[in-house]
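Numbering (the working numbering), first residue to last: 90 to 1078. Below is one structure; the comments refer to it alone.
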């Protein structure tokens, strides 16, 4: 069997043709029968296919400037930046950098270099919370798509994070994805032709993992899934062999990933900050998705460690701190502290009553099953009372989840998932409901019967009394914890911080937010404080909407209040990035898993945080025995190990049993001599369990510290790669250039830009030229806020603009400036950039000519299957020479670039300027073009060398790598700089 090969195109990639009344550049995938063309200076949306057999196509050359089309001192800079912003086919070895809005740090390039080493990309990216795993995986995806090594992309994630993933892909990488969720599938199916799948192998999607694993959609997804898959929070897709509900859900997710990974050609990126929950089996199953050998190989051997290093990258915050010495937005430190409070006497009395009730209830249980049910229901009551009066009242009026258990083991599994914070819990998205403490034999404290059997009147009255007592504790007068929080939050606000208060339960979050709003905004308050509560009761979209209400400008364009407090449950502790709006965390409730504290703090202590020192405060009851156990057994030990080793080690498996033993000592034995009775566990057993936990934890820390070399990608010289990236980004236009260009261009086009205190500027769009105004409306929507806000940041709220080269409004402005510079039919005021200029300036001592030149290359890149892929590359260069064009004295590129900053000190007579430009243009047909051709060949060699260096660092294929100039360079602009006249004679001397 033979495969037909399309005939080679008559026109090489990068060459110019004339058809349909304009000039086009030939793109890859062109054949003799079909030319794929992009208008010269146009965007990807303007790409068209032309059939040479039906339309007349002829070779073309780029038209030279008109000598009389003169601009001012800013003309050259505007034209150059407009050209570079418009590039979508950058020349450098990282093809995606021309189309992304993020400026990667050196360490973020390491996973990309690891990916380039592999024929089929399989990686586990396990960097710490907040240092950019989304950016790292997005870089790999963008590069694979740009190089043609991947046709499509799907991101599997929690539905709560789907919108954020779509926004990240669009805002930072210029990738537009479709959301596939229960709320969107109906519309997507209606839009899909009958009999076809919602999914296409060349499509881009963000998909709910739990939705797509269902039998109804799973097989269709597997048949049509794109060849590049990113799995967010990948640790939730594996579990140990237990049979509880969370484990079964993880097994279904794992089955889906296993089926995807079985395709040997599918690229797979697993992303998680917690790859190891302390249990080896789930970790090995996760690694086995990348390469089956990783499921069983010993990491104690050199061969095992080297194998793992090919697929696994993990950096801690300390590992990458040096990459942020240049003033980038990343906190220099986290100021952490414990803040204690004492219980009000009434609160302490109720806690003692609950402890006594728990002890009596568990001890009087009839059989092991009832004992475990009562154990977990009373532990739920203790934890909710430690959280807030509101949570305790809710618990006392809610059925205990363990009531459905049929065996003691099932009761323990249910209790652990609803009352504790197990290390291998799959999500925090729906874990903030108050656990019930009522068992079937109880009655509600409001008198409504719950079970078939009623408690005796005395015990029923006891429960009613506890609920009533808890209700009376509400408010800062009797709730010492809330009172202390008010002081803490007030101090943080006065110090300029914007805190997030994390609570364990929905009831607590709403309770805290309500009281904070009341206390912080008392009548006569000089500076009101915005307070909001976000819990799992809100849908993911509603959570983002409520955050936006607090942090974004209102309908009148007024900025959000600077004094703000967000109260939330752990539904916000994963995935949602809050570093742009908040910079302090208060742990109102202690998590029973130290990883949860790290996740909370990671919402603000992360890349993009503008506050240099973030705050993390842990609130605890100094005389609350429940808090005392959690602090001593878990949180303080975890922090001590982290400070001693520099490593955050997951909680070992022994943690749950140790906590159980210590709590059983508290509940069943008590703390006073009157409680010293025989318990289920002897005191020695509780101490032994805690000691075993500490030994296991220390051992894990030492093993982790000793084996860090297995994760270190020492063979990749990130500094060398970073230098290549910096060079590419400089060629495409820096962030400062983009902001200056956009502001200057909109000012010239009657946009009236004005500075903002928060950075960036605003501009009016109603007076812009019609074509640009239409483009702005298409990008921002017809009802976008006026004036438009331009943010000096990589992202912007909906209806506003980020000052990045890939933002649609910035790109439209650059395209308009370039198009009008090339077309003299536009009115003068709509042409802020011109192709010619003569400027008198003190920046030169003798006449100096600058040429703005565009090179086009046919770039042949080796592919992973041993072939060669042809792509188009473009590059803009500034060249300059002293003296007359017949005998030029060429400047270095650095000297030429300084001319863009030259300021005019006098005017030039138009006739005089036109004659000089004419003389220079005439020389292009003689000696000047020969020099430009030579520079084009030199640039091709530089391009080859750059690709060679990066491919060598990545150990990628080199055979067939070649860059070939296509046609003569395009001369877009000619600018003459003359020395400032010492004696001004007439209009020009």
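Don't be surprised by glycine CBs; every beta carbon is placed ideally from N, CA and C.
Throw me the rounded Cβ distance for the residue 358 and residue 320 pair, which I believe falls under 8 Å.
Residue 358 to residue 320, Cβ: 7 Å. Contact.
For residue 631, is the classification buried or exposed, using 16 other Cβ atoms within 10 angstroms of its Cβ as the cut-off for buried?
By the beta-carbon neighbour count (other beta carbons within 10 angstroms, threshold 16), residue 631 is exposed.
If residue 227 and residue 262 are in contact, beta carbons under 8 Å, what's the gap, nearest whole angstrom?
About 5 Å; that satisfies the 8 Å criterion.
Tell me which residue opens and which closes the alpha helix (DSSP H) that residue 600 is part of.
DSSP places residue 600 in the uninterrupted alpha helix (DSSP H) bounded by 595-609.
Which word fits residue 947, buried or exposed, when buried means at least 16 other C-beta atoms lie within 10 angstroms of its C-beta?
Under a 10 Å Cβ-count criterion, residue 947 is classified as buried, with 16 or more other Cβ atoms of the shown protein chains found around its own Cβ.
Is DSSP giving residue 290 helix, strand or coil here?
Coil.
Go to residue 446, then tell me how far its alpha helix (DSSP H) extends in each direction, as first and last residue.
434-452 is the extent of the alpha helix (DSSP H) around residue 446.
Looking only at C-alpha atoms, which of 625, 475 and 619 sits nearest to residue 559?
The shortest Cα separation from residue 559 among 625, 475 and 619 belongs to 475.
Cα-Cα separation between residue 260 and residue 190, rounded to whole angstroms
In this structure, the alpha-carbon of residue 260 lies about 7 Å from that of residue 190.
Whose C-alpha, out of 297, 103, 566 and 900, is nearest the C-alpha of residue 118?
Each of 297, 103, 566 and 900 was checked against the Cα of residue 118, and the nearest Cα belongs to 103.
Thinking C-alpha only, which one of 711, 509 and 688 is nearest residue 437?
Nearest C-alpha to residue 437 among 711, 509 and 688: 711.
Less than 8 Å between C-beta atoms, sequence neighbours within five positions excluded: which residues of the same chain meet that for residue 957?
Same-chain partners within the cutoff: 949, 950, 951 and 1049.
Runs of beta strand (DSSP E) wholly within the stretch 233-299 (minimum 3 residues, chain order)
DSSP runs (the beta strand (DSSP E)) wholly in the stretch 233-299: 242-246, 267-269 and 293-297.
In three-state DSSP terms, what is residue 211?
Residue 211: strand per DSSP, three-state reduction.
Below 8 Å, how does it come out for the stretch 154-170 and the stretch 136-145: are there three or more Cβ pairs, yes or no?
Too few Cβ pairs lie closer than 8 Å, so no.
Separation of residue 597 from residue 637, as counted between CA atoms
Whole-angstrom Cα-Cα distance: 22 Å.
Quick one: residues in its chain with C-beta nearer than 6 Å to the C-beta of residue 1065, no 5 flanking neighbours on either side, listed in chain order?
Excluding sequence positions up to five before and after residue 1065, its CB lies within less than 6 Å of the CB of 927, 938 and 1005, all in the same chain and listed in chain order.
Name, in chain order, the residues that DSSP records as bridge partners for residue 880.
DSSP output for residue 880 lists 891 as bridge partner(s).
Bridge partners for residue 1068 per DSSP, in chain order?
DSSP lists 930 as partners of residue 1068.
Relative to the C-alpha of residue 555, which residue among 577, 485, 572 and 499 is closest?
When the alpha-carbon of residue 555 is set against those of 577, 485, 572 and 499, the nearest one is in 485.
Residue 136: buried (16+ other C-beta within 10 angstroms of its C-beta) or exposed?
Label assigned to residue 136: exposed.
Let me know the secondary structure DSSP gives residue 1004 once reduced to three states.
Helix at residue 1004.
In angstroms, rounded to a whole number, what distance separates the CA positions of residue 1026 and residue 1033?
For residue 1026 and residue 1033, the distance between alpha carbons rounds to 11 Å.
Where does residue 365 fall in DSSP's three states?
Residue state, collapsed to three classes: coil.
Beta-bridge partners of residue 939, as assigned by DSSP:
Partner(s): 969 and 1064.
Below 8 Å on the Cβ atoms is my contact criterion, and I expect residue 868 with residue 897 to pass it. Report the Cβ-Cβ distance as a whole number of Å.
Sure, about 4 Å apart at Cβ, within 8 Å.
Give the DSSP-derived three-state secondary structure of residue 151 in the structure shown.
Reduced to three states, the DSSP call for residue 151 is coil.
Here's the rule I'm using: 16 or more other beta-carbon atoms within 10 Å means buried, otherwise exposed. How should residue 1062 be labelled?
Residue 1062 should be labelled buried.
Using a threshold of 7 Å, state whether the C-beta atoms of residue 1129 and residue 401 are closer than that.
In the structure displayed, the chain extends from 90 to 1078; residue 1129 sits before or after that span and is not available.
Checking the sheet assignment: what are the DSSP bridge partners for residue 430?
Paired residues: 710.
If you follow the alpha helix (DSSP H) that residue 905 is in, where does it begin and where does it stop?
For residue 905, the enclosing alpha helix (DSSP H) stretches over residues 897-911.
Same chain only: Cβ atoms within 6 Å of residue 374, ignoring 5 sequence neighbours per side:
Correct list, in chain order: 327.
Using three-state DSSP, classify residue 702 as helix, strand or coil.
Note: residue 702 maps to strand in three-state DSSP.
Span separating the alpha-carbon of residue 113 from that of residue 920:
Taking the straight line joining both Cα atoms gives about 22 Å.
Using the beta-carbon count (16 or more within 10 Å), is residue 38 buried or exposed?
Coverage of the chain is limited to positions 90 through 1078, which leaves residue 38 absent and any answer about it impossible.
Can you tell me whether residue 583 is buried or exposed, with buried defined as 16 or more other CB within 10 angstroms of its CB?
Residue 583 comes out exposed.
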